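**Q**
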Ligand code: 13P
Ligand code: SF4
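Numbering (our numbering), first residue to last: 224 to 519.
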């Protein structure tokens, strides 16, 4: 299967991108693994004709927004992000009519149709920088209330919250961390900003998925408790074979990030299945918000 995929990728001038949570065999096949920001930048720069995106739907949509001339394939069309579905254009318009007009900062974990109504996009890697880049003193941040509260704690700006959350990260509670720290007293605790504020308060480091990989590499510490989706344990270990990583909770598994198999990848390239294409009326305004994030 691996050889078949390699051959198909070459024949069709396709590139395989994989998020850091994807299963090990997919990360090992990918031309690039990364967090949402790194994958968006790579998608924008590639000269491949086809982008095979092993991640979830909003990631493939972002690639389509950035690369209208390329074919973007998502090997499993049903790989979605429940948090991205917690905001719609209609609900956003309604909230803005209540709050008054203000800049909207939209996490990339969102539908393209919401990005199209936004001032700027952000990811977990750049949220504080993006909030500071907004000229106005007040903004609405959608859809992740935890990410927005994290940003609010690191800027003087007023950030209005949206009622959205990641079901995987939001379930982590202080009891999990207490137990993990008792079991691994020498380990540093790294947390993703999608975790609740009471968890982030306990963290030695708050970072995006790739930020955690870099932090573990640069740190003199030998062991880490990992407060994010458990798929990240694989690239953490791969990049740091001499260090130890322990999940903050075994329950932090995102089913959507585990849907794609090698068979799905081969089939989608062979038969050009699973295309994700954002229509021009949405793509053009969404591109403005994504480009402002990437280009600064
Ligand atoms: P990163 O951008 O940090 O990789 O996070 C993406 C995501 O979906 C987290 O749940
Ligand atoms: Fe969405 Fe959470 Fe899964 Fe990330 S881990 S894709 S935010 S549901």
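C-beta atoms are modelled at their ideal positions from N, C-alpha and C, and glycine is treated no differently.
Please read all numbers here as calculations on a predicted model, not as lab measurements.
1) What I want to know is whether the C-beta of residue 279 ends up closer than 7 Å to one or more non-hydrogen atoms of ligand 2.
2) Please go through the same chain and pick out, in chain order, the residues whose beta-carbon is closer than 7 Å to the beta-carbon of residue 424, but skip the five residues on each side of it.
3) Taking 7 Å as the cut-off, does the CB of residue 369 come closer than this to any heavy atom belonging to ligand 2?
4) Rounded to the nearest angstrom, what separates residue 417 and residue 468 at their Cα positions?
5) Please identify the residue among 262, 368, 462, 433 whose C-alpha is closest to the C-alpha of residue 445.
6) Just to check my reading of the structure: residue 232 and residue 492 have Cβ atoms closer than 8 Å, yes? What is that Cβ distance to the nearest angstrom?
7) Which ranges does the alpha helix (DSSP H) cover as unbroken runs of at least 4 residues, wholly within the stretch 345-380, from first to last along the chain?
8) Could you tell me the alpha carbon to alpha carbon distance between residue 363 and residue 374, rounded to whole angstroms?
9) From which residue to which residue does the beta strand (DSSP E) around residue 449 run?
10) With a threshold of 7 Å, establish whether the CB of residue 232 neighbours any heavy atom of ligand 1.
11) Would you tell me roughly how many angstroms separate the C-alpha atoms of residue 369 and residue 466, rounded to the nearest one?
12) Just the C-alpha distance for residue 411 and residue 313, rounded to the nearest angstrom, thanks.
13) Looking at the structure shown, is residue 491 part of a helix, part of a strand, or coil, going by DSSP?
14) So, are the CB atoms of residue 413 and residue 450 less than 8 Å apart?
15) If we call anything under 8 Å between Cβ atoms a contact, is residue 485 one with residue 225?
16) Say whether the stretch 352-360 touches the stretch 292-310, bearing in mind that this needs 3 or more beta-carbon pairs closer than 8 Å, one atom from each stretch.
17) Nearest CA to the CA of residue 284: which residue from 517, 327, 513, 518?
18) When DSSP builds the beta bridges, which residues end up paired with residue 340?
19) Does ligand 2 have a heavy atom nearer than 7 Å to the CB of residue 458?
**A** So, to answer that:
1) Here residue 279 is taken as the residue at index 56 of the chain shown, counted from 1. Yes; taking the cut-off as 7 Å, the Cβ of residue 279 has a heavy atom of ligand 2 nearer than that.
2) Along the chain shown, read from residue 1 onward, the residue named residue 424 stands at position 201. Excluding sequence neighbours, residue 424 sits near nothing in its chain.
3) Numbered from 1 along the chain shown, position 146 holds the residue referred to as residue 369. Result no, Cβ not under 7 Å from ligand 2.
4) Working through the chain shown from its first residue, we reach residue 417 at position 194. Working through the chain shown from its first residue, we reach residue 468 at position 245. Cα to Cα, the separation comes out at about 19 Å.
5) Here residue 445 is taken as the residue at index 222 of the chain shown, counted from 1. Comparing Cα-Cα distances from residue 445 to each of 262, 368, 462, 433, the minimum goes to 462.
6) Position 9 of the chain shown, counted from the start, is the residue given in the question as residue 232. Position 269 of the chain shown, counted from the start, is the residue given in the question as residue 492. Confirmed, about 7 Å.
7) 350-356, 368-375
8) Here the question's residue 363 lines up with position 140 in the chain shown. Here the question's residue 374 lines up with position 151 in the chain shown. Going by the C-alpha atoms only, they are around 12 Å apart.
9) The residue labelled residue 449 in the question sits at position 226 within the chain shown. Segment 446-450, the beta strand (DSSP E) holding residue 449.
10) Here residue 232 refers to the residue found at position 9 of the chain shown. No, Cβ of residue 232 sits at least 7 Å from all heavy atoms of ligand 1.
11) Working through the chain shown from its first residue, we reach residue 369 at position 146. Working through the chain shown from its first residue, we reach residue 466 at position 243. Their backbone Cα atoms lie some 29 Å apart in a straight line.
12) Working through the chain shown from its first residue, we reach residue 411 at position 188. Working through the chain shown from its first residue, we reach residue 313 at position 90. Distance between the alpha carbons of residue 411 and residue 313 is about 42 Å.
13) For the purposes of this step, residue 491 is taken as the residue at position 268 of the chain shown. DSSP places residue 491 in helix when its eight states are reduced to three.
14) For this step, residue 413 is matched to residue 190 along the chain shown. For this step, residue 450 is matched to residue 227 along the chain shown. Their beta carbons are under 8 Å apart, which means residue 413 touches residue 450 by this criterion.
15) Translated into the one-based positions of the chain shown, residue 485 becomes position 262. Translated into the one-based positions of the chain shown, residue 225 becomes position 2. Taking 8 Å as the Cβ cut-off, residue 485 and residue 225 qualify as a contacting pair.
16) no
17) Looking up residue 284 in the chain shown gives position 61. Checked all of 517, 327, 513, 518; the closest Cα to residue 284 is 513.
18) Within the chain shown, numbered from 1, the residue matching residue 340 stands at position 117. BP columns for residue 340 are empty, so no partner.
19) For this step, residue 458 is matched to residue 235 along the chain shown. No, since every heavy atom of ligand 2 falls outside the 7 Å radius drawn around the Cβ of residue 458.
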